[in-house]
Amino acid sequence: MAEDCIFCKIVNGDIPSRKVYEDDKVLAFDDINPMAPVHVIIIPKQHIPTLLDIDPDHADIMGDILSAVREVSAIKGIDQKGFRTVINCNEEGGQVIFHLHMHLLGGTRLRDDLG
Ligand code: 5GP
Ligand code: ZN
Numbered sequence: 007m008a009e010d011c012i013f014c015k016i017v018n019g020d021i022p023s024r025k026v027y028e029d030d031k032v033l034a035f036d037d038i039n040p041m042a043p044v045h046v047i048i049i050p051k052q053h054i055p056t057l058l059d060i061d062p063d064h065a066d067i068m069g070d071i072l073s074a075v076r077e078v079s080a081i082k083g084i085d086q087k088g089f090r091t092v093i094n095c096n097e098e099g100g101q102v103i104f105h106l107h108m109h110l111l112g113g114t115r116l117r118d119d120l121g
């Protein structure tokens, strides 16, 4: 738990969210400002600031997140139609919340521009 981290507060229930999936390591919830009909944020419950902060102490976390991708895409009914996953890293990558998270986007044909 990091003080003043919005996503830690969501994990703790201090900020409400629309939960899509949860297990002991990972939480997934609807993005508050969706960029597509389906836009889910998947986070480790543990506070890890960025993709670059995954060290051997939490080496399994990407596997846990990818397992959640399978669950979330099926729950949202877009696993067969298709979807996109994105992890923004640091300022020029567009990261705004510094608690590691994967965006899962779908429910429409996504545009190809990456900004
Ligand atoms: P980033 O730009 O850091 O990769 O993405 C952060 C994402 O978190 C954004 O898509 C933003 O809409 C979402 N977000 C920010 N604050 C909240 C919140 O309080 N609740 C939810 N559900 N999503 C949030
Ligand atoms: Zn956090």
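Numbering of the sequence shown is given in my numbering, commencing with residue 7 and proceeding in unit increments.
Glycine included, every Cβ here is placed at the ideal spot set by N, Cα and C.
The structure displayed is predicted, hence computed values, not measured ones.
1. Would you tell me roughly how many angstroms separate the C-alpha atoms of Val-17 and Arg-115, rounded to the nearest one?
2. Name the residue from Ile-84, Phe-104 and Lys-87 whose alpha carbon lies nearest to the alpha carbon of Ile-93.
3. DSSP puts Thr-91 in a beta bridge; with which residues?
4. Is Glu-77 helix, strand or coil when you go by DSSP?
5. Please report how far the alpha carbon of Ile-21 lies from the alpha carbon of Phe-13, in whole angstroms.
6. Taking only the alpha-carbon atoms, compute the straight-line gap between Cys-95 and Pro-55 and give it to the nearest angstrom.
7. One question on the structure: do Val-78 and Val-46 come within less than 7 Å of each other, judged by their Cβ atoms?
8. Can the beta-carbon of Phe-35 be found closer than 7 Å to that of Val-26?
9. So within the region 30-79, which uninterrupted beta strand (DSSP E) runs reach at least 3 residues, ignoring any that extend past its ends?
10. Given 6 Å as the limit, tell me if Asp-59 has its C-beta closer than that to any heavy atom belonging to the ligand 5GP.
11. Taking only three categories from DSSP, how would you classify Lys-25?
12. For His-109, which residues of its own chain have a beta-carbon under 6 Å away from its beta-carbon, when the five flanking residues on both sides are left out?
The relevant details are as follows:
1. For this step, residue 17 is matched to residue 11 along the sequence shown. For this step, residue 115 is matched to residue 109 along the sequence shown. Each residue's Cα considered, the two are about 31 Å apart.
2. Taking the sequence shown and counting its residues from 1, one reaches residue 93 at position 87. Here the closest residue by C-alpha is Phe-104.
3. Locating residue 91 in the sequence shown gives position 85, counting from the first residue. Thr-91 is bridged to Leu-110.
4. In the sequence shown, residue 77 corresponds to position 71, counting from 1. In this structure, Glu-77 counts as helix in the three-state DSSP scheme.
5. In the sequence shown, the residue the question calls residue 21 occupies position 15. In the sequence shown, the residue the question calls residue 13 occupies position 7. Going from the Cα of Ile-21 to the Cα of Phe-13 covers about 8 Å.
6. Taking the sequence shown and counting its residues from 1, the one referred to as residue 95 is at position 89. Taking the sequence shown and counting its residues from 1, the one referred to as residue 55 is at position 49. Looking at the backbone, the Cα of Cys-95 and that of Pro-55 are separated by about 9 Å.
7. Residue mapping note: residue 78 aligns to position 72 of the sequence shown, counting from 1. Residue mapping note: residue 46 aligns to position 40 of the sequence shown, counting from 1. Going by C-beta atoms, Val-78 is nearer than 7 Å to Val-46.
8. Numbered from its first residue, the sequence shown carries residue 35 at position 29. Numbered from its first residue, the sequence shown carries residue 26 at position 20. Yes, the Cβ-Cβ distance between Phe-35 and Val-26 is below 7 Å.
9. Complete beta strand (DSSP E) runs here, min 3: 32-36 and 44-50.
10. As a working mapping, residue 59 is identified with position 53 in the sequence shown. For Asp-59, the distance from the CB to the nearest heavy atom of the ligand 5GP is not below 6 Å.
11. Taking the sequence shown and counting its residues from 1, the one referred to as residue 25 is at position 19. Judged by DSSP in its simplified three-state form, Lys-25 adopts strand.
12. Here the question's residue 109 lines up with position 103 in the sequence shown. Within the same chain, His-109 has close Cβ partners Val-92.
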